[in-house]
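Everything below concerns the one structure shown next.
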Amino acid sequence: MLEKSRKTSFKKITIREIAELAGVSRTTISRVLSGGKFVKKSTRDRVMEIIEEKEYKPSIMAQSLRTNRTRTIGLVLADIENPFYSRVAKGVIDAAEEKNYNVILCNSNNDINLEEKDIRTLIGRGVDGLLLTTVELKMKTIENMRDKGFPFLLIDCKLDIPGVNYVVNDDYYGAELATEYLIKLGHKKIFFLGNRKLLSLKERFRGFKDTLEHYKIDNNNNFVPSKFIKTGGVYDIEGIIRYLLSRQENITAIFSGNDYSAIKSIEEITDKGIKVPEDISVIGYDNIKISSMIKVPLTTIRQPKYLLGKLATEQLLEMLENKSDKKLRRVILRPELIIRQSCKKIGNSGG
Numbered sequence: 021m022l023e024k025s026r027k028t029s030f031k032k033i034t035i036r037e038i039a040e041l042a043g044v045s046r047t048t049i050s051r052v053l054s055g056g057k058f059v060k061k062s063t064r065d066r067v068m069e070i071i072e073e074k075e076y077k078p079s080i081m082a083q084s085l086r087t088n089r090t091r092t093i094g095l096v097l098a099d100i101e102n103p104f105y106s107r108v109a110k111g112v113i114d115a116a117e118e119k120n121y122n123v124i125l126c127n128s129n130n131d132i133n134l135e136e137k138d139i140r141t142l143i144g145r146g147v148d149g150l151l152l153t154t155v156e157l158k159m160k161t162i163e164n165m166r167d168k169g170f171p172f173l174l175i176d177c178k179l180d181i182p183g184v185n186y187v188v189n190d191d192y193y194g195a196e197l198a199t200e201y202l203i204k205l206g207h208k209k210i211f212f213l214g215n216r217k218l219l220s221l222k223e224r225f226r227g228f229k230d231t232l233e234h235y236k237i238d239n240n241n242n243f244v245p246s247k248f249i250k251t252g253g254v255y256d257i258e259g260i261i262r263y264l265l266s267r268q269e270n271i272t273a274i275f276s277g278n279d280y281s282a283i284k285s286i287e288e289i290t291d292k293g294i295k296v297p298e299d300i301s302v303i304g305y306d307n308i309k310i311s312s313m314i315k316v317p318l319t320t321i322r323q324p325k326y327l328l329g330k331l332a333t334e335q336l337l338e339m340l341e342n343k344s345d346k347k348l349r350r351v352i353l354r355p356e357l358i359i360r361q362s363c364k365k366i367g368n369s370g371g
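The number in my numbering is simply the position in the sequence shown, starting from 1, with 20 added.
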C-alpha cells in the first residue's frame, strides 16, 4: 500500500489531466501558463490551484518549440560584488518569477569586452530579451540589437538615442541634491570621485558641475585624473586619496559617484590620520545597506535599487508579451538625500 502511494505521488501529471480536473480545454490551460489575458479570473484561479496541488511543472522545451520563446531573460551585471547591483538583481529575479520567467545572470566585472561576450552568449542561448546594467557599452552593440529588433532594456543607464528603452534613477537631480547640500554646509572645494566618462556616471557629473556653476563656484578640475582610472572604469582609490592630500589646494568635501567608493575613501582618509567629517566631508550615492553601518554613517543619495530591477523587468516582459506595441519605454525614478554623519558644516554657511 505504501509503495503504491509513493508511485502515485511521483507520477507526472499531464496538461490533459489538468484540463479534465479543471473542466476546461487544454488551450485554456496553455493560456494560463503563458500569462495570457483572455482567461476569466475565476478560471485562472481554479487552474492555478490544481497546478499547485498536483505540483505540475510545464515542459520548458515543449513550450519553447511551440511558441518560439524560452520564457528566459538575460541579465548582465557590471559588478555582482557591488551591493547596488545585487539588490537590482533581486528586483529582476522576483519580477521575472511572478510572470513564470527564468533569469540567466552574467557578471561582466566592469570589463567592456566581457560584457560584449556575455551579450553574445545570452542571445546565442536563446533568451527572449536582455536587461543590461552597463557601465560602458559600445554604441554599435546597442544599435545592432535595436536595428535587429531584439528586445532589451538598460537599467541605471540613460542613453537618449532613438528606440532605446531604459529604467533609470534621475542621476542629474540626485547629483544636484548632493552638491547643493555640501554647498549649503559651506563647502566650495568639492572633489567629484568617479569616472565622469562612464555611461552610468555622466549624468551625476553633469549635475555636479552645473550646480557648482549655478552657485558661481569654480570647478577647478576637481575630478579624477585619467591616470587613476583602471580598465572598465574602476578607480585607484588609494592613489586618488594620496593625490588629493598632496595637493596644495585643500579639498573640504568629496562627492563620490557611488557608496562603494565613498566607503573606501573614508577608510583611506582615516588610515592617514584625517578625520571624517571633522577634516573632510564625504557624501556617497546609492544608499547601499552597509552605508548606515560603518563607523561614520554615510550621508548619501538613495536610489530605489530593488524597484529599478523590478520595473525594468516588468517593462521588458511587457515588450515581450506585446511585440506589436512599439512605444518607447523610459522610466525615470526620483532619488532622495539621506543625511547621516559624514558631512559637516564649515565656515559661516547659513545651511
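Ideal Cβ placement from N, Cα and C applies to all residues, glycine included.
Within a Cβ cutoff of 6 Å, which residues of the same chain sit near residue i, ignoring the five residues on either side of it in sequence?
{"i": "M81", "result": "With a pLDDT of 46 at M81, under the threshold of 50, the modelled position of that residue is not reliable, and no figure is offered here."}
{"i": "L41", "result": "I70"}
{"i": "L125", "result": "L95"}
If you run the structure through DSSP and keep just helix, strand and coil, what is residue i?
{"i": "V52", "result": "helix"}
{"i": "Q361", "result": "coil"}
{"i": "I143", "result": "helix"}
{"i": "S276", "result": "strand"}
{"i": "N267", "result": "Reading the sequence as shown, one finds Arg at residue 267 and not Asn. R267 falls in the coil class under three-state DSSP."}
{"i": "V351", "result": "strand"}
{"i": "I257", "result": "helix"}
{"i": "F243", "result": "strand"}
{"i": "T47", "result": "helix"}
{"i": "T154", "result": "coil"}
Go to residue i, then tell me how far its alpha helix (DSSP H) extends in each direction, as first and last residue.
{"i": "N185", "result": "N185 -> no alpha helix (DSSP H), and no H or E assigned at all."}
{"i": "V112", "result": "P103 to E118"}
{"i": "S62", "result": "K61 to K74"}
Closer than 7 Å by C-beta to residue i: which residues in its own chain qualify, once you throw out the five before and the five after it? Chain order, please.
{"i": "Y235", "result": "I203"}
{"i": "Y192", "result": "E223, R226 and G227"}
Less than 8 Å between C-beta atoms, sequence neighbours within five positions excluded: which residues of the same chain meet that for residue i?
{"i": "T199", "result": "I210, G227, F228, T231, L232 and F275"}
{"i": "E338", "result": "D345 and R349"}
{"i": "M68", "result": "V52"}
{"i": "S266", "result": "none"}
Let me check understanding here. Comparing Cα to Cα, which of the options lies closest to residue i?
{"i": "N242", "options": "G214, S62 and K60", "result": "G214"}
{"i": "S311", "options": "N102, K347 and D238", "result": "N102"}
{"i": "E156", "options": "M165, F172, I139 and I132", "result": "I132"}
{"i": "K315", "options": "R322, S362, L327 and Y280", "result": "S362"}
{"i": "Y280", "options": "K160, G304 and S266", "result": "G304"}
{"i": "K347", "options": "S246, L173 and C126", "result": "L173"}
{"i": "L327", "options": "N185, D176 and N240", "result": "D176"}
{"i": "F381", "options": "T333, I321 and I359", "result": "Any question about residue 381 goes unanswered here, given that the chain covers just 21 to 371."}
{"i": "G146", "options": "F170, L318, L205 and K110", "result": "F170"}
{"i": "C334", "options": "N239, N120 and S301", "result": "A quick correction: the sequence has Glu, not Cys, at residue 334. Here the closest residue by C-alpha is N120."}
{"i": "K208", "options": "I257, T272 and D148", "result": "T272"}
{"i": "M165", "options": "G149, K217, T153 and S266", "result": "G149"}
Hey, residue i and residue j: beta-carbon distance below 8 Å or not?
{"i": "L221", "j": "G277", "result": "yes"}
{"i": "E135", "j": "S128", "result": "yes"}
{"i": "V112", "j": "I352", "result": "no"}
{"i": "I35", "j": "R46", "result": "yes"}
{"i": "V123", "j": "L95", "result": "yes"}
{"i": "L197", "j": "L336", "result": "no"}
{"i": "K330", "j": "A115", "result": "yes"}
{"i": "I49", "j": "K74", "result": "no"}
{"i": "I283", "j": "I261", "result": "no"}
In the DSSP assignment, find the unbroken beta strand (DSSP E) run with residue i in it and report its ends.
{"i": "G194", "result": "Here G194 belongs to no beta strand (DSSP E); instead the alpha helix (DSSP H) covers D191 to K204."}
{"i": "F211", "result": "I210 to L213"}
{"i": "F170", "result": "Taken as a continuous stretch (DSSP letters only), F170 belongs to no beta strand (DSSP E), as it is neither H nor E."}
{"i": "R322", "result": "T320 to R322"}
{"i": "L97", "result": "T92 to L97"}
{"i": "K124", "result": "The amino acid at residue 124 is misidentified as Lys; the sequence shows Ile. Run containing I124: N122 to N127, per the beta strand (DSSP E) assignment."}
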